[in-house]
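If you number the sequence shown the way my numbering does, the last residue is 402 and the count never jumps.
The beta-carbon is built from N, C-alpha and C at its ideal position, and this holds for glycine as well.
Structure first, then comments.
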Amino acid sequence: MYIRPKTRKRQNTYEQKLYAVNEVREKKRHKQDVALELEIHINSLPIWLKQFREHGPEGLLSHYEKPDLMEHTEELNRLKTVEKKYN
């Protein structure tokens, strides 16, 4: 039996998501054409379109990119650096 090795999930950037959403919404391109062009799964586009409809462009940001979490992420990285120094 063949077991496919685990691969890391490819993270799409905010710019890629925004481009894809704009191609579908403004240029009226078919979702499948945009997905093929960007080499993304066809099921990603409806999710991004829904996030864009509900929250605007900010809805396409990953939870790591959201401004309120950026401060916490920076502090966490600082604390990890301090911890490494003493371990």
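Three-state secondary structure (DSSP) of residue i
i, result
"residue 337", "helix"
"residue 372", "helix"
"residue 347", "helix"
"residue 355", "coil"
"residue 328", "coil"
"residue 362", "helix"
"residue 342", "coil"
Sub-8 Å separation of residue i and residue j beta-carbons
i, j, result
"residue 363", "residue 332", "yes"
"residue 375", "residue 366", "yes"
"residue 346", "residue 339", "yes"
"residue 357", "residue 327", "no"
Exposed unless 16 or more other CB atoms sit within 10 angstroms - verdict on residue i
i, result
"residue 360", "buried"
"residue 397", "exposed"
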